[in-house]
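Engineer: I'd like to ask some things about the structure below.
Chains as they are written, first to last, in the numbering used here: chain A, 3 to 381; chain B, 24 to 256.
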């Protein structure tokens, strides 16, 4: 699927920030992203601690901040590019592939899905963590971006109701917006962004400070939007929500992309025959044993550190045993390597230099991988 | 002394005394005109002060807040020195006219409007501004929306300014001269009538002034009370 958002060589430093400095005395950029690409129909989730640069990156994408250098391009709409590829030399370049998924249409209303077909009218719209809703009713809030663009009244009415229907707030269109609950406010703010038919929808912590039911509702709305072709970029502290949502998980620390430390598997948890252990059917085909009692979960997460490799078949308590080949071996940091495997499902694991040497791991080598069912976390 | 006059004052009010009505009309006219002028200048100034960064912004804000308590006689003195025959604007012949009173009262009201509009806008959620940008609002559309969001604070600023000028006596006395049927206001009339020992008219005018003051306060409370639901304006 084609990229709806492409970021390259992005550098940004807050002008009034008295932060860390490079050896040459320049301020360390608050955000320094060498490469990030989000396809149409894909959800990219930014994760990281407070101050890791998530919100700053979102504001850069939404055009609220101007980069010092680099490019932010949204090919489906207007293109924004800033500065050059100058600035600080590239740090470790992490280019995690983001597997796109989902089909166009999804569960959205046909009219809404049709509205997105090749007709993105705005580049990127940001929905804040605590969205500000104007002191008027929900309909007027959602209609505002169209009204200031002098869109015809009938069209405003149609698109506003469609957007409200999409987020499940049509019944509350006459409600005084500031009186909505936290989750309803988030959904109203998403609808307000949607009426602009943005190519990229940017959300800053959309599930913070709201109840679990509202979190799942918002996740469902975002998934449906992505399925209709919108590229969604979300930041969150809620790891469960991140795992459920992410087609592409982007860990950030100090404004830089970090390597992902987990394997994210999509599929469906189903009851096992004996009931003592769970089974997770991955979208790739192979099944993964997991803890029982999580039927219906759609995401399985396995930490890279929890996978053990051997050159021969292992006899151990690990219920998940796969035979595969090594696809790539890349240094991570210090003495650690990331080994990418093809075992019918793509798996990544981390090994020390010593293990790589002892096992003679290299691209193309046959390998056995194992991990415990209890190491599989379901979301 | 006041109690017997109170009954007579009520009688005066009930009878619709012509002079009492004229004085009341003068007071309200002057206060409304000066408040409108202060609002026309002060609301945009408050908006600019809030939304724009410029050198000396903190000083302007501090001065504006300080001038909220400007003594009315100081304003009277200042405008007197400008409008009197020997003053730089003496040629306009505005001294002891309604215009002079309105100018003085507008100067009194202006810092109140600027400061309270600034305070109201500054208290708005900072995310409102970013929200408007991300939704694609132009600079003018942003300004209009921000003022609309702070409409209750803006209305409260104007009401507070009106309350201040309708009850002031210094500027009205010094600049209007308390001329009967012309520049006499409720406050200057009360001062004069009390000095003369004629309490009936003073008390009647005092009652009118209190009704106006209560009206303004009621209006302010109404605005504040309804704020969470925002059902007005």
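Cβ coordinates follow ideal geometry from the N, Cα and C atoms, glycine included.
Am I right that residue 29 of chain B and residue 124 of chain B are in contact with their C-beta atoms under 8 Å? What's the rounded C-beta distance?
Structural biologist: The residue you call residue 29 of chain B lines up with position 6 of the second chain. The residue you call residue 124 of chain B lines up with position 101 of the second chain. About 29 Å separates the two Cβ atoms, so there is no contact after all.
Engineer: Roughly how many whole angstroms lie between the Cα atoms of residue 222 of chain B and residue 210 of chain B?
Structural biologist: As a first step, residue 222 of chain B must be located in the second chain, where it is residue number 199. As a first step, residue 210 of chain B must be located in the second chain, where it is residue number 187. C-alpha separation (whole angstroms): 13 Å.
Engineer: Would you kindly check if the distance between the Cβ of residue 68 of chain B and the Cβ of residue 4 of chain B is under 8 Å?
Structural biologist: Absent from the structure is residue 4 of chain B, since the part of chain B shown begins at 24 and ends at 256.
Engineer: Could I get the ranges of all uninterrupted beta strand (DSSP E) runs contained in the region 132-165 of chain B, with 3 residues as the minimum, in chain order?
Structural biologist: none
Engineer: Whole-angstrom Cβ separation of residue 112 of chain B and residue 106 of chain B, contact assumed at under 8 Å?
Structural biologist: Taking the second chain and counting its residues from 1, the one referred to as residue 112 of chain B is at position 89. Taking the second chain and counting its residues from 1, the one referred to as residue 106 of chain B is at position 83. Rounded, the Cβ-Cβ distance is 5 Å, consistent with contact.
Engineer: Give me, in chain order, the residues of the same chain whose beta-carbon lies closer than 6 Å to that of residue 232 of chain A; leave out the 5 immediate sequence neighbours on both sides.
Structural biologist: Locating residue 232 of chain A in the first chain gives position 230, counting from the first residue. Closer than 6 Å at Cβ, skipping near neighbours: 203.
Engineer: If you pair each beta-carbon of the region 187-207 of chain A with each one of the region 53-63 of chain A, do three or more pairs fall below 8 Å?
Structural biologist: yes
Engineer: Going by DSSP, name the residue or residues bridged to residue 292 of chain A.
Structural biologist: Along the first chain, read from residue 1 onward, the residue named residue 292 of chain A stands at position 290. For residue 292 of chain A, which the question treats as bridged, DSSP gives the partners A:280.
Engineer: Identify, in the order they occur along the chain, each residue of the same chain with its Cβ nearer than 6 Å to the Cβ of residue 49 of chain A, setting aside the five sequence neighbours on each side.
Structural biologist: Taking the first chain and counting its residues from 1, the one referred to as residue 49 of chain A is at position 47. Leaving aside the five residues that flank residue 49 of chain A on each side, the residues in its chain whose CB is nearer than 6 Å to its CB run, in chain order, 244 and 253.
Engineer: Cα-Cα, which of B:140, B:142, B:118 and B:168 is closest to residue 153 of chain B?
Structural biologist: Your numbering for residue 153 of chain B matches position 130 in the second chain. Out of B:140, B:142, B:118 and B:168, B:168 has the C-alpha closest to the C-alpha of residue 153 of chain B.
Engineer: DSSP on residue 252 of chain A, reduced to helix/strand/coil?
Structural biologist: As a first step, residue 252 of chain A is located in the first chain; it is residue number 250 there, counting from the start. DSSP places residue 252 of chain A in strand when its eight states are reduced to three.
Engineer: Can you check whether the C-beta of residue 160 of chain B is within less than 8 Å of a C-beta belonging to chain A?
Structural biologist: The residue labelled residue 160 of chain B in the question sits at position 137 within the second chain. For residue 160 of chain B, at least one C-beta of chain A is nearer than 8 Å to its own C-beta.
Engineer: Taking Cβ-Cβ distances below 8 Å as the criterion, which residues of the region 137-154 of chain B are in contact with chain A?
Structural biologist: 148, 150, 151, 153 and 154
Engineer: Straight-line CA distance for residue 6 of chain A to residue 157 of chain B?
Structural biologist: Locating residue 6 of chain A in the first chain gives position 4, counting from the first residue. Locating residue 157 of chain B in the second chain gives position 134, counting from the first residue. If you take the alpha carbons of residue 6 of chain A and residue 157 of chain B, they lie about 18 Å apart.
Engineer: So with CB distances below 9 Å, who are the chain B contacts of residue 201 of chain A?
Structural biologist: By 1-based counting over the first chain, the position of residue 201 of chain A is 199. Residues of chain B passing the Cβ test: none, with the nearest at roughly 14 Å.
Engineer: Any beta carbon of chain A sitting closer than 8 Å to that of residue 172 of chain B?
Structural biologist: Against the second chain, residue 172 of chain B aligns to sequence position 149. Output row for residue 172 of chain B: interface = yes.
Engineer: Residue 224 of chain A lies in the alpha helix (DSSP H); which residues open and close that run?
Structural biologist: To locate residue 224 of chain A, count along the first chain from 1; it is residue 222. Taken as a continuous stretch (DSSP letters only), the alpha helix (DSSP H) holding residue 224 of chain A covers 214-229.
Engineer: Which same chain residues, not among the five before or five after residue 212 of chain A, have their C-beta less than 6 Å away from its C-beta?
Structural biologist: Sequence index remark: in the first chain, residue 212 of chain A carries index 210 (1-based). Closer than 6 Å at the Cβ level, and outside the excluded window around residue 212 of chain A, lie 184 and 185.
Engineer: According to DSSP, is residue 368 of chain A helix, strand or coil?
Structural biologist: Indexing the first chain from 1 puts residue 368 of chain A at position 366. Of the three classes helix, strand and coil, the one that applies to residue 368 of chain A here is strand, per DSSP.
Engineer: Could you pull out every residue in the same chain whose Cβ sits closer than 6 Å to the Cβ of residue 361 of chain A, ignoring the five residues on either side in sequence?
Structural biologist: Residue mapping note: residue 361 of chain A aligns to position 359 of the first chain, counting from 1. Contacts found: 313.
Engineer: Going by the beta-carbon positions, is the gap between residue 255 of chain A and residue 381 of chain A smaller than 8 Å?
Structural biologist: Counted from its first residue, the first chain places residue 255 of chain A at position 253. Counted from its first residue, the first chain places residue 381 of chain A at position 379. No.
Engineer: Measure the alpha-carbon distance for residue 42 of chain A versus residue 247 of chain A and round it to whole angstroms.
Structural biologist: Here residue 42 of chain A refers to the residue found at position 40 when the first chain is read from its first residue. Here residue 247 of chain A refers to the residue found at position 245 when the first chain is read from its first residue. When rounded, the distance between both Cα atoms is 15 Å.
Engineer: Quick one: does residue 21 of chain B have its CB under 8 Å from some CB of chain A?
Structural biologist: Limits of chain B in this structure are 24 at one end and 256 at the other, which puts residue 21 of chain B out of reach.
Engineer: Does DSSP classify residue 47 of chain B as helix, strand or coil?
Structural biologist: Along the second chain, read from residue 1 onward, the residue named residue 47 of chain B stands at position 24. In the structure shown, residue 47 of chain B sits in a helix (DSSP, three-state: H, G or I).
Engineer: Within 10 angstroms of its Cβ, does residue 134 of chain A collect 16 or more other Cβ (buried), or is it exposed?
Structural biologist: Counting from one through the first chain, the residue named residue 134 of chain A turns up at place 132. Answer is buried; the Cβ neighbour count reaches 16.
Engineer: Which one of A:57, A:359 and A:329 has the shortest CA to CA distance from residue 346 of chain A?
Structural biologist: What you label residue 346 of chain A is simply residue 344 of the first chain in a count that begins at 1. The residue from A:57, A:359 and A:329 with its alpha-carbon nearest to that of residue 346 of chain A is A:329.
Engineer: What's the C-alpha gap between residue 74 of chain A and residue 180 of chain A?
Structural biologist: As a working mapping, residue 74 of chain A is identified with position 72 in the first chain. As a working mapping, residue 180 of chain A is identified with position 178 in the first chain. The alpha-carbon atoms of residue 74 of chain A and residue 180 of chain A are separated by roughly 34 Å.
Engineer: In the structure shown, what three-state DSSP assignment does residue 205 of chain A receive?
Structural biologist: Counting from one through the first chain, the residue named residue 205 of chain A turns up at place 203. Strand, per DSSP.
Engineer: Could you tell me the alpha carbon to alpha carbon distance between residue 220 of chain A and residue 166 of chain A, rounded to whole angstroms?
Structural biologist: Along the first chain, one-based indexing puts residue 220 of chain A at 218. Along the first chain, one-based indexing puts residue 166 of chain A at 164. Each residue's Cα considered, the two are about 13 Å apart.
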